[in-house]
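For the sequence shown, our numbering assigns the number 169 to the initial residue and increments by one for each residue that follows. The C-beta atom is built at its ideal place from N, Cα and C for all residues, glycine as well. Here is the structure we will look at.
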Amino acid sequence: LMVSKANLQVKICDFGLAALHKRNLLHSYCGSPSYVAPEIISLQGTTESGYGNSCDIWSLGVVLYVCLCGHPPFYDDEYTSIEQKILSGSLDHSEQLPVWNSLSHTVKHLIKRLLKVKPEERPTAAEALNDPWFNIEPIDNE
169 LMVSKANLQV KICDFGLAAL HKRNLLHSYC GSPSYVAPEI ISLQGTTESG YGNSCDIWSL
229 GVVLYVCLCG HPPFYDDEYT SIEQKILSGS LDHSEQLPVW NSLSHTVKHL IKRLLKVKPE
289 ERPTAAEALN DPWFNIEPID NE
């Protein structure tokens, strides 16, 4: 995602690292630093472990956070610091942000579910779509 703070636009820029797979684990270390899932970071130096669809759920959590807050949940000027923040999975720093505190409890709960460090603790895509936040009745402006 590219976020422009000047006019508050969010644009999806690139699917260059997308891959289709069935049940096989992927082993390539790839992804944009602020969006990469912890299990991809943990790949460094190993060849036996891999990652699956749950890393896309993580990235969805990052995208949702960016769309609602205007910046990634895990960011730093140093790449290694970003990795450490992602591996910790802590969103405690968000509690100090006015924009985070203005969000509904429902969407904050969803983001926290999507950004679980352990892949097996994240919802599947179907489970995420059944989250109450996606099923909120629209507000009638009349």
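{"Item": "Buried or exposed: residue 222, going by 16 or more other Cβ atoms within 10 Å of its Cβ?", "Value": "buried"}
{"Item": "Tell me the rounded alpha-carbon separation between residue 209 and residue 233.", "Value": "20 Å"}
{"Item": "Measuring CA to CA, which of 204, 247, 255, 297 is closest to residue 230?", "Value": "204"}
{"Item": "For residue 267, which residues from the same chain have a beta carbon less than 8 Å from its beta carbon, with the 5 sequence-adjacent residues on both sides left out?", "Value": "236, 237, 238"}
{"Item": "By how many angstroms is the C-alpha of residue 264 removed from the C-alpha of residue 206?", "Value": "24 Å"}
{"Item": "Quick check for students: name the residue ranges of the alpha helix (DSSP H) that lie wholly in the stretch 256-310, counting only runs of 4 or more.", "Value": "266-269, 273-282, 293-297"}
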